[in-house]
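Have a look at the structure below, then the notes.
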Amino acid sequence: MKTKLIAPSVLSADFGNLQRDIEMINGSQADWFHVDVMDGRFVPNISFGFPVMKAIQEHAKKFVDVHLMIVEPEKYVEEFINYGADLVSVHYEACTHLHRTINLIQDKGAKAGVVLNPSTPVWVLEDIITEVDLVLLMSVNPGFGGQKFIENTYKKIRETKELILENNSTALIEIDGGVNTENAPKLFEAGADVLVAGNAVFASENPERTIELLKV
Ligand code: DX5
Ligand code: ZN
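Numbering (my numbering), first residue to last: 12 to 227.
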């Protein structure tokens, strides 16, 4: 997988015009679709589930990155992969048996990511870093789009990069929350490989142009 990737978050799309917004991403310089699944238990919000995932599968022509903000994610991993997920990320905080869940995702044929909330330190990944394909660092508290970026994320990117290099891991680093055209270059510079952007893309006057600007 190449780096400096942009993953627009479907959560910020217009669900009344979902196909139109998916086509916009297809035709843009975006690399991935970021799909936020929330259950109202792990996070204080409910987003969407399989029917929307099915619509994404039907229309999306790029890599599909599914971010599960749900309790007991292991119960649903296989179904999301059947609905076209190329990568499934699960929260460290939601997995009692993280190693088993990561292996399950990979056994079912998808890439596996682990997500850390802003308050979870990077060192908890020490014994899983060689197994995962991606580390997703939350730069807001998960649950909602359009929140303010947490500056401590830069430190966590540097720590994650160090951990990856020390262990010869091939994991990519993805950042999610409050990403915009101002902080994007700094995040790539600090060591991020993939940036998720919801509000910055969909609330802008020209989403395709914003995606282009995020990549520079
Ligand atoms: C937050 C989600 C994010 C969200 C990002 O819980 O995981 O993916 O959609 O939205 P912005 O870019 O608006 O912060
Ligand atoms: Zn997300």
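Ideal Cβ positions, reconstructed from N, Cα and C, are used throughout, including at glycine.
Predicted model, so just to flag it, every value in this text is computed and none were measured.
When DSSP assignments are scanned along the region 140-220, the uninterrupted stretches of beta strand (DSSP E) that are 3 or more residues long and fall wholly within it turn out to be 145-149, 183-187 and 205-208. Not one heavy atom of the ligand ZN lies closer than 7 angstroms to the C-beta of residue 125.
In this structure residue 91 is in contact with residue 64, their Cβ atoms being roughly 7 angstroms apart against a cut-off of 8 angstroms. Relative to the ligand DX5, the beta carbon of residue 155 is positioned inside 7 angstroms of a heavy atom. Looking at the DSSP output, residue 102 sits in a beta bridge with 126. Sequence-distant partners of residue 145 (beyond 5 residues in either direction) whose C-beta falls short of 7 angstroms from its own C-beta, in its chain, are 98, 100, 122, 124, 182, 183 and 185. Three or more beta-carbon pairs drawn from the region 42-57 and the region 139-156 are found closer than 8 angstroms, and the two stretches are therefore classed as touching. DSSP places residue 19 in no alpha helix (DSSP H) but in the uninterrupted beta strand (DSSP E) bounded by 16-19. Residue 26 counts as exposed, since fewer than 16 other C-beta atoms from the protein chains shown sit within 10 angstroms of its C-beta. With respect to the C-alpha of residue 102, the residue from 120, 96 and 77 having the closest C-alpha is 77. Taken through DSSP and simplified to helix, strand or coil, residue 74 comes out as strand.
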